[in-house]
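Undergrad: This note's numbering puts the first residue of the sequence shown at 2, with every later residue one more than the last. All C-beta atoms in this analysis are idealised placements derived from N, C-alpha and C, irrespective of residue type, glycine included. Keep in mind it's a predicted model, so treat the numbers as computed, not measured. Can you keep this structure in mind? I'll have questions shortly.
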Amino acid sequence: MSAARNAAQAFLITVFVGGLLGPLYAMGSLMAGSDPWLGAHAAYTCPTICPGCHGPYESRGGTQVNGSSRRGRASKFYCQPPHGTLDDVDDLARYEFPDGSLVVIGASYAVVLPLVFAAAFGALRLLARRRKGPSATDR
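This is the structure in structure tokens:
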């Protein structure tokens, strides 16, 4: 099996597996109020919110579920300010993601897709080597 064929198969695996796992993982951890990637992609998205901002994200607010009724407001996501913590600042809106969780979930693709592709490609290459059997230099 050629490297190009392995790369094509790894790409297909990435699209199907990574396309589902990344957002599902991100949504689950956001519901728990934590940064899904422990600040990995916050390093790229937070400086666009305000100069010097950094991760990990912090979630505030959210919907409370009581029995079968929901009440409350949507969660808001914030980057950490350049100095101190969010509890130390007066203007929280300055550090808030304008699109809320959509930015965080969308950015999760940038983290999960390369990881899934590398794992799938490596697994396919290993499988191809095992199918060939031992080479003449291995004996």
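Are the CB atoms of Gly29 and Leu114 nearer to each other than 7 Å?
TA: Going by C-beta atoms, Gly29 is not nearer than 7 Å to Leu114.
Undergrad: Contact defined as beta carbons within less than 8 Å: I believe Tyr96 pairs with Ile50. What is the distance between those atoms, to the nearest angstrom?
TA: At roughly 6 Å, the Cβ-Cβ gap stays under 8 Å, so Tyr96 and Ile50 are in contact.
Undergrad: Compute the Euclidean distance between the alpha carbons of Pro52 and Ala124, then round it to the nearest angstrom.
TA: Pro52 and Ala124: Cα-Cα distance of roughly 41 Å.
Undergrad: Does DSSP classify Ser60 as helix, strand or coil?
TA: Note: Ser60 maps to strand in three-state DSSP.
Undergrad: What's the C-alpha gap between Asp89 and Gln81?
TA: Near 10 Å, if we compare the C-alpha coordinates of Gln81 and Asp89.
Undergrad: Rounded to a whole number of angstroms, what is the C-alpha to C-alpha distance between Phe12 and Ala4?
TA: Roughly 12 Å separates the two Cα atoms.
Undergrad: If you draw a straight line from the C-alpha of Val117 to the C-alpha of Arg61, how long is it?
TA: Going from the Cα of Val117 to the Cα of Arg61 covers about 30 Å.
Undergrad: Measure the beta-carbon distance from Glu59 to Tyr79 and round it to whole angstroms, keeping in mind my assumption that it falls under 8 Å.
TA: Between Tyr79 and Glu59 the Cβ distance is about 5 Å, and since that is below 8 Å, they are a contact.
Undergrad: So, His55 versus Ala108, is the Cβ gap smaller than 7 Å?
TA: Going by C-beta atoms, His55 is not nearer than 7 Å to Ala108.
Undergrad: For Thr86, count neighbouring Cβ atoms within 10 angstroms of its own Cβ and tell me buried if that reaches 16, exposed if not.
TA: Flag for Thr86 reads exposed.
Undergrad: In three-state terms, what does DSSP make of Cys54?
TA: Looking at Cys54 - three-state DSSP - the assignment turns out to be coil, as it is neither helix nor strand.
Undergrad: Helix, strand or coil for Phe78? Go by DSSP, reduced to three states.
TA: If DSSP states are grouped into helix, strand and coil, Phe78 belongs with the strands.
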